[in-house]
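Single-structure report; data block below.
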Amino acid sequence: MTVVDSAPPVTGTALVEEDRHRFRVHRSTMTSPEVYQLELDRVFGHSWLYVGHDSEVPEPGDYVRRPVGGRPVFMVRAVKSGEIRVFHNSCTHRGAVVCRQESGNAKVFQCFYHAWSFDTEGALVGVPGRDAYGDGLDFSALGLRPVARVASYRGFVFASFDPHIVDLVEYLAGAAEYLDLVADAAGDAEIIKGTNEYAVDANWKLLAENSIDGYHAAPTHDTYFKYLVSLGTDLTGGVDGVGRSLGNGHAVIEYRAPWGRPVAKWEPMFGAEAREEIERLRADLVERYGEQRAQRMSETNRNLLIYPNLIVNDIMAVTVRTFMPLSADRMTVTAWELARRDELPQLRQRRLDSFLTFLGPGGFATPDDIEALESCQQGFRSGGVEWNDISRGMSREPRADDEEQMRAFWRRWNEQMTGGPR
Ligand code: FES
Ligand SMILES: [Fe+2]
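Residue numbers for the sequence shown follow our numbering, so the first one is 1 and each next one is one higher.
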């Protein structure tokens, strides 16, 4: 990691404070427009950011466009090389967005403004009235600009605007092991077509916290737990597990929970007819990965935060979720579902039901979470209280309902914001 020489702190006072028993975060981190502007550069400008999954662009010429780190980019599978490219979505002529559809297949991207066109490697291949430029202009230097770094891990494609950032695997640190668990369990995995998109009137870091917060599950999602009970699920075991910092701001909670998992843990909500099939999937995992790893894959849940803004929830379905701030108090959220490609239609149906029942924007969990996040943001406006307390579990081995995961996120955030190692 490179050390930035002397980047000034955000304000004269520390925004994240920690001693042996207390960890607190100043609320201006979530309300201040200056902090938001600074984090666009220091956090989003110097991290590996999730762009998409390689299964979204299986064929040469397939593309998707995305806002990544708040900037419009697009990812395309190049026609000749078959490699995935990620370009800044801006015409090198005078700026217009070149890729204007959410997704599709193209051999050439033609800018609608003056019709310059670029191939899937980014080369400028068409300029109407080219002779007007004479021989002096070097058109080969006017190709689309690739984003500084692109790399993928187990099908997850990331990009960074920082050419000097550490390699992706080094950046992922302990999070790589968890992506392996998800990817191994999913086998030949694909992102299922269809995207959930919604906006939340809250600071983006509240969702980073919420996604790895075991403490809120019982009070906030009471309705869902009652629903599970009504379907015959036994809740007496509760939610039980550990919280871990995985290095570089990444964190996870890994726990047992009462719901079923389409990967291989049957529960009544999946229906009696699914039981045999889910047991067969489990036997298959045991054969491939041994009893211990198979048990971890099928029985335990993982909510994984890959710093700063990718969540992989491996719970009653596998969701891949990313979010971007629009301002200090508003963000957009995009979520997809990941599943094995060869999944039987009945199991796929149950997975989709399970996904939408809990996690969809109209499900039992997401609206509750959004309400909680927006409620925090409203509470911040009340003033009078300057700090959020995030000390839970500091004096013991961290559990899934402690706050060590959030502390891991905030420590890295603070390090980046105050000009520490990038
Ligand atoms: S801005 Fe794209 S061709 Fe002019
Ligand atoms: Fe929640």
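For each residue, glycine too, the CB sits at the ideal point set by N, CA and C.
As the structure is a computational prediction, the values presented were derived from the model and not from experiment.
Counting only runs that start and end within the region 341-419, where is the alpha helix (DSSP H) found for 4 or more residues in a row? 345-358, 366-381, 404-417
Taking 7 angstroms as the cut-off, is the CB of ASN210 close to at least one heavy atom of ligand 2? yes
If you run the structure through DSSP and keep just helix, strand and coil, what is ASN196? strand
Check whether the Cβ of HIS114 lies closer than 7 angstroms to any heavy atom of ligand 2, and answer yes or no. no
Helix, strand or coil for TRP336 per DSSP? strand
Per the DSSP calculation, PRO325 is bridged to which residue(s)? MET331
Relative to ligand 2, is the shortest distance from any of its heavy atoms to the C-beta of HIS221 smaller than 7 angstroms? yes
Do GLN405 and LEU305 have their C-beta atoms within less than 8 angstroms of each other? yes
Separation of THR418 from ALA14, as counted between CA atoms: 9 angstroms
Using a 10 Å radius around the Cβ and a threshold of 16 neighbouring Cβ atoms, would you call VAL169 buried or exposed? exposed
Taking 7 angstroms as the cut-off, is the C-beta of CYS91 nearer than that to any heavy atom in ligand 1? yes
Determine the DSSP secondary structure at LEU15, reduced to helix, strand or coil. coil
Below 7 angstroms, is the gap between the Cβ of HIS21 and the nearest heavy atom of ligand 2? no
Just to check my reading of the structure: THR223 and GLU267 have Cβ atoms closer than 8 angstroms, yes? What is that Cβ distance to the nearest angstrom? Incorrect: roughly 17 angstroms between the Cβ atoms, too far for contact.
SER298 to GLU277 span [Cα, whole Å]: 14 angstroms
In the DSSP assignment, what residue or residues form a beta bridge with LEU305? ALA251, ILE311
Counting Cβ pairs closer than 8 angstroms, one from the region 189-198 and one from the region 394-402, do we hit at least three? no
Does ARG412 pass the burial test, meaning 16 or more other C-beta atoms within 10 Å, or should it be called exposed? buried
Once DSSP output is grouped into helix, strand and coil, what is the label at ASP184? helix
With distances taken from CA atoms, which of ALA151, ASP184, GLY187, ASP162 is nearest LEU172? ALA151
State yes or no: is the C-beta of CYS99 nearer than 7 angstroms to some heavy atom of ligand 1? no
Could you tell me whether the Cβ atoms of VAL35 and TRP410 are closer together than 8 angstroms? no
Residues that PRO58 bridges to, as DSSP identifies them: DSSP output for PRO58 lists no bridge partner at all.
Measure the alpha-carbon distance for VAL98 versus ALA408 and round it to whole angstroms. 38 angstroms
Along the alpha helix (DSSP H) that carries PHE225, what are the first and last residues, could you check? 222-230
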